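Sequential numbering of the sequence shown, starting at 9, is according to my numbering.
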Amino acid sequence: MPSFTIEDHRFPSGQDTCHAWLYRPDSEQKRPVIIMAHGLGGVKRAGLPNFAQRFSEAGYACLVFDYRYFGESGGEPREWLDIPSQLADWDAAITYAKTLTAVDTNRIVLWGTSFGGGHVIVTAARHPEITAAISQCPFTDGPSSVFAINMVTNAKLAALGVRDKISSWLGKEPVRVDLVGKPGTTALMTSEDSLQGYNAIKDSTGATDVPERITARIGLQLLTHQPGKWARKVRCPILFNVCEHDSVAPAGPTLKYAVQAPRGIVNRYPYGHFDIYVGEAFETNIRDQLNFLSRYVPISGPS
């Protein structure tokens with residue numbers, strides 16, 4: 009089994025920098041590079057090393073980054089989740105990956121999960137030079153996700169979002185909201201499986217710097233954010249791994265968008281949103297992703 013090394017990297021994005029790990033297979037041959045980032049409020053330490061390790065053991069380089077304002081990346085205020093900023097981070101990661109002399113810069117793959125899975129759809133559509141993309145349990149349709157939450161919670165989230173937005177205009181401290189909570193609490197993810205599933209992801213890699221609260225203004229952006237609409241513009245092969253019992257990013261809209269991708273491939277799993285990060289569900293998920301990569305981005309393929 010090939011071995012690999014992990015290097016710390018930083019690359020510019022906007023007025024700040026993003027921190028990344030570069031997983032480098034021990035090989036003289038330049039390997040395809042998979043650019044990876046997390047979902048809603050997620051940081052790379054929480055679960056992503058499990059995926060990057062398996063990809064690197066299979067011979068792929070991985071550039072795993074934190075969004076600005078999160079994890080080891082720069083930017084203030086902390087835990088500010090802004091969709092245009094995160095999409096700009098993806099653009100910056102691609103630009104940086106193209107400068108890496110140790111990888112095959114002609115074969116770049118995008119990988120995102122949950123909210124990051126939606127970002128991958130948009131970014132792949134905007135970058136026709138991308139070789140392939142993987143969108144795991146993706147957030148594709150804001151209205152569907154928002155209305156999966158009960159209306160009382162939605163009203164509270166909207167009020168917090170407005171307060172946070174006003175605070176930003178006045179230069180005051182952000183108003184924050186819990187990422188996950190029990191059903192009926194005021195949090196962005198409150199399904200029956202959210203709290204336990206989120207903690208399982210953190211525990212799988214011993215992550216300690218995982219945010220529990222983020223700026224509340226993201227709730228105002230979610231309602232109109234529909235990254236799935238970009239699927240029809242993605243020209244490269246793109247894999248959609250969809251959880252049929254997803255209570256956070258409902259499968260119905262995702263499947264509707266996925267079939268519009270000209271070279272889209274869909275895998276459906278009888279799991280919930282958080283299941284495919286750990287255990288048997290993870291093994292099934294990563295096996296299918298590696299099969300996709302070996303078919304469309306083989307290690308020994310042409311540059």
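Every residue, glycine too, gets a C-beta built ideally from N, C-alpha and C.
Note that the structure is a prediction, hence the values are computed from the model and not measured.
key: Short Cβ contact (7 Å threshold) for residue 147 with residue 122   = For the purposes of this step, residue 147 is identified with residue 139 of the sequence shown, where counting begins at 1. For the purposes of this step, residue 122 is identified with residue 114 of the sequence shown, where counting begins at 1. Contact: yes.
ask   = What beta strand (DSSP E) runs, 3 residues minimum, are completely inside the region 151-188?
value = 184-188
message = I'd like the list of long-range same chain contacts for residue 78, defined as Cβ closer than 6 Å, with 5 residues on each side in sequence excluded.
response = Taking the first residue of the sequence shown as position 1, residue 78 is located at position 70. Cβ neighbours of residue 78 beyond the five flanking positions: 51.
task = Note down, in chain order, each residue of its chain lying with its Cβ closer than 7 Å to the Cβ of residue 132, except the 5 sequence neighbours on either side.
result = Position 124 of the sequence shown, counted from the first residue, corresponds to residue 132. Closer than 7 Å at the Cβ level, and outside the excluded window around residue 132, lie 118, 138, 141, 242, 244 and 246.
query = Just the Cα atoms here: how many angstroms apart are residue 67 and residue 106?
reply = For the purposes of this step, residue 67 is taken as the residue at position 59 of the sequence shown. For the purposes of this step, residue 106 is taken as the residue at position 98 of the sequence shown. Using only the alpha carbons, I get a separation of about 18 Å.
ask   = Can you give the Cα-Cα distance for residue 201 and residue 281, rounded to whole angstroms?
value = As a position in the sequence shown, residue 201 is number 193, starting the count at 1. As a position in the sequence shown, residue 281 is number 273, starting the count at 1. So the two alpha carbons sit approximately 8 Å from each other.
task = Going by DSSP, name the residue or residues bridged to residue 144.
result = For the purposes of this step, residue 144 is identified with residue 136 of the sequence shown, where counting begins at 1. Partner(s): 121 and 249.
query = Can the beta-carbon of residue 154 be found less than 7 Å from the beta-carbon of residue 231?
reply = Within the sequence shown, numbered from 1, the residue matching residue 154 stands at position 146. Within the sequence shown, numbered from 1, the residue matching residue 231 stands at position 223. Their beta carbons are under 7 Å apart, which means residue 154 touches residue 231 by this criterion.
inquiry  = Which of the three DSSP states is assigned to residue 102 in this structure?
reply    = Locating residue 102 in the sequence shown gives position 94, counting from the first residue. DSSP places residue 102 in helix when its eight states are reduced to three.
ask   = Among 294, 167 and 263, which one has its Cα closest to the Cα of residue 250?
value = Here residue 250 refers to the residue found at position 242 when the sequence shown is read from its first residue. Answer by Cα proximity: 263.
Whether residue 81 touches residue 33 by CB criterion (7 Å) = The count along the sequence shown starts at 1 and reaches residue 81 at position 73. The count along the sequence shown starts at 1 and reaches residue 33 at position 25. No, the Cβ-Cβ distance between residue 81 and residue 33 is not below 7 Å.
task = Determine the extent of the beta strand (DSSP E) in which residue 277 is found, giving its start and end residues.
result = The count along the sequence shown starts at 1 and reaches residue 277 at position 269. Start and end: 272-277.
request  = Spatial neighbours of residue 221 within its chain, please: CB distance less than 8 Å, with the 5 preceding and 5 following residues excluded, ordered by chain position.
outcome  = The sequence position of residue 221 within the sequence shown is 213, counting from 1. Correct list, in chain order: 87, 184, 185, 186 and 187.
Three-pair Cβ contact test at 8 Å for the region 155-172 versus the region 212-219 = no
query = How is residue 295 classed by DSSP in three states: helix, strand or coil?
reply = Taking the sequence shown and counting its residues from 1, one reaches residue 295 at position 287. Helix, per DSSP.
task = Verify whether the separation of the beta carbon atoms of residue 130 and residue 143 is less than 7 Å.
result = For this step, residue 130 is matched to residue 122 along the sequence shown. For this step, residue 143 is matched to residue 135 along the sequence shown. Result no, Cβ atoms of residue 130 and residue 143 do not sit closer than 7 Å.
request  = Look at the alpha carbon of residue 205 and the alpha carbon of residue 212, and state the distance between them as a whole number of angstroms.
outcome  = Start at 1 with the first residue of the sequence shown, and residue 205 comes out as number 197. Start at 1 with the first residue of the sequence shown, and residue 212 comes out as number 204. In a straight line, the C-alpha of residue 205 is about 11 Å away from that of residue 212.
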